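Enquirer: So the protein sequences, as listed, match chains Y and U.
Quick note: the first sequence uses numbering that gives the first Met the number 0, first residue 0, plus one each step.
Quick note: the second sequence uses numbering that gives the first Met the number 0, first residue 0, plus one each step.
Please see the structure below; I have some questions.
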Amino acid sequence: MTTAVATARDVPLVVGGRTFASRLMVGTGKYRDNETMVRAIEASGAEVVTVAVRRVDLDRTKAEGILHHLDPRKQFLLANTAGCYTAEEAIRYARLAREAGFNDFIKLEVIGDQETLLPDVQGLLEATRVLVAEGFKVMAYTNEDLVTALRLEALGAVAVMPLASPIGSGLGLLSPFHVRTIKRRLSVPVIVDAGVGTASDACVTMEQGVDGILMNTALAAARDPVAMAHAMRLAVEAGRGAFLAGRMPRREVAVPSSPAEGMLD
Amino acid sequence: MTVQRVDDTIEIIINGARRRVPRDATLRDVLSVLDLDPRLVVVEHNRRIVRRPALPDVRVAPDDTLELVHFVGGG
Numbered sequence: 000m001t002t003a004v005a006t007a008r009d010v011p012l013v014v015g016g017r018t019f020a021s022r023l024m025v026g027t028g029k030y031r032d033n034e035t036m037v038r039a040i041e042a043s044g045a046e047v048v049t050v051a052v053r054r055v056d057l058d059r060t061k062a063e064g065i066l067h068h069l070d071p072r073k074q075f076l077l078a079n080t081a082g083c084y085t086a087e088e089a090i091r092y093a094r095l096a097r098e099a100g101f102n103d104f105i106k107l108e109v110i111g112d113q114e115t116l117l118p119d120v121q122g123l124l125e126a127t128r129v130l131v132a133e134g135f136k137v138m139a140y141t142n143e144d145l146v147t148a149l150r151l152e153a154l155g156a157v158a159v160m161p162l163a164s165p166i167g168s169g170l171g172l173l174s175p176f177h178v179r180t181i182k183r184r185l186s187v188p189v190i191v192d193a194g195v196g197t198a199s200d201a202c203v204t205m206e207q208g209v210d211g212i213l214m215n216t217a218l219a220a221a222r223d224p225v226a227m228a229h230a231m232r233l234a235v236e237a238g239r240g241a242f243l244a245g246r247m248p249r250r251e252v253a254v255p256s257s258p259a260e261g262m263l264d
Numbered sequence: 000m001t002v003q004r005v006d007d008t009i010e011i012i013i014n015g016a017r018r019r020v021p022r023d024a025t026l027r028d029v030l031s032v033l034d035l036d037p038r039l040v041v042v043e044h045n046r047r048i049v050r051r052p053a054l055p056d057v058r059v060a061p062d063d064t065l066e067l068v069h070f071v072g073g074g
């Protein structure tokens with residue numbers, strides 16, 4: 000008779016009442032070309048892809064809209080309010096995004112500082128309150144502060160998205176303790192957004208028990224974005240698997256793996 | 000001497016730049032003039048979003064402000 004525990008089985012990620020196929024979400028910015036972006040998304044296995052709301056370029060000197068390259072039946076388009084520095088501005092962008100007609104989700108960013116792109120907590124909370132009242136499903140990009148995370152949840156955010164490190168920095172998970180604490184205290188999904196640089200960062204982040212990761216630059220700025228997307232897919236799965244499996248305790252002393260008995264005289 | 004002529008266009012502000020569009024144009028007409036697919040663009044008219052089905056019903060007036068936005072790559 001076996002005494003092995005049943006292999007840890009995962010449950011699907013559910014955000015705002017919708018089930019998502021992958022715990023890895025990816026952005027669509029900064030790719031060198033659209034074909035690379037499309038192939039990287041494919042390799043990542045991500046269902047959720049983020050997009051930004053911007054003016055149409057009426058002179059057509061720049062790239063066309065992203066919808067010429069993405070299939071909204073295959074990808075779940077999560078619009079962001081990137082670049083917004085006040086609650087009013089973010090609310091305006093969110094309303095425009097919803098009018099595009101895909102869904103009621105918004106990745107809410109209210110930026111408070113140009114150098115670090117760290118969130119403006121006051122503006123974030125205010126915009127969350129207004130948008131939730133308007134029926135938006137708010138996924139709130141925030142810092143790793145527990146109290147802010149709790150307030151976002153209380154205001155009705157469907158997911159809280161603490162940063163691993165500043166947007167586009169690739170510095171990895173700087174505050175595992177704080178992210179773990181947020182995950183432990185919140186009921187809504189916690190999805191780490193921003194700062195992951197390479198596969199080990201994604202793996203360590205998922206090992207904290209968070210529900211998912213959103214990344215963009217780690218793929219777009221890799222030498223080979225498609226290969227990195229594949230690596231990230233594996234890293235997210237590995238990190239999630241290790242979390243579910245439950246790691247061994249850390250010890251400050253060595254414990255031999257081979258028997259101490261049976262050694263020769 | 001000044002030449003009197005019938006001007007059948009008006010000037011409005013689209014995405015921050017002044018442009019001439021036909022007088023009495025609807026928002027749907029403006030998108031057509033600009034060769035934009037209304038299914039891929041969201042229209043804000045004088046700071047108010049105009050839903051797609053209403054685009055043929057709203058006419059622009061001189062100095063109106065339009066923002067025409069769409070989704071672009073972002074994180």
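Note that CB positions come from ideal geometry on N, CA and C, so glycine has one too.
Remember, it's a predicted structure, so these values are computed and weren't measured experimentally.
#1: Under a CB-based cut-off of 8 angstroms, is Ile9 of chain U close to chain Y?
#2: Please list the segments of the alpha helix (DSSP H) lying wholly inside the region 168-233 of chain Y, counting only runs of 4 or more residues, in order along the chain.
#3: Using a 10 Å radius around the Cβ and a threshold of 16 neighbouring Cβ atoms, would you call His67 of chain Y buried or exposed?
#4: Where does the unbroken beta strand (DSSP E) through Leu35 of chain U begin, and where does it stop?
#5: Less than 8 angstroms between CB atoms is the rule here; does Thr27 of chain Y satisfy it with respect to chain U?
#6: Find the nearest neighbour of Val191 of chain Y within the set Y:Ser43, Y:Leu213, Y:Ile181 and Y:Leu185, judged by alpha-carbon distance.
#7: Taking the alpha-carbon positions, what's the His177 of chain Y to Asp119 of chain Y distance?
#8: Does DSSP classify Met0 of chain Y as helix, strand or coil?
#9: Between which two residues does the alpha helix (DSSP H) containing Arg91 of chain Y stretch?
#10: Please state the DSSP three-state secondary structure of Ala148 of chain Y.
#11: What residue range does the alpha helix (DSSP H) around Met36 of chain Y cover?
#12: Between the C-alpha atoms of Arg8 of chain Y and Met227 of chain Y, what's the straight-line distance to the nearest angstrom?
#13: Use the C-beta contact count for Arg59 of chain Y: other C-beta atoms within 10 angstroms, 16 or more gives buried, fewer gives exposed.
#14: Going along the chain, which residues of its own chain have a beta-carbon closer than 8 angstroms to the beta-carbon of Ile12 of chain U, five neighbours each way excluded?
#15: Residues in its own chain within less than 7 angstroms of Thr8 of chain U by CB, not counting five upstream and five downstream?
#16: Alpha carbon to alpha carbon, how far is Val42 of chain U from Ile48 of chain U?
Expert: According to the structure data:
#1: no
#2: 175-184, 198-206 and 216-219
#3: exposed
#4: Careful: Leu35 of chain U lies outside any beta strand (DSSP E) and carries neither H nor E.
#5: yes
#6: Y:Leu213
#7: 18 angstroms
#8: Residue confidence for Met0 of chain Y is low, a pLDDT of 48 falling below 50, so the modelled location carries little weight and cannot support an answer.
#9: Ala86 to Glu98
#10: helix
#11: Asn33 to Ser43
#12: 26 angstroms
#13: exposed
#14: Arg18, Asp62, Asp63, Thr64 and Leu65
#15: Arg19, Val20, Pro21 and Arg22
#16: 6 angstroms
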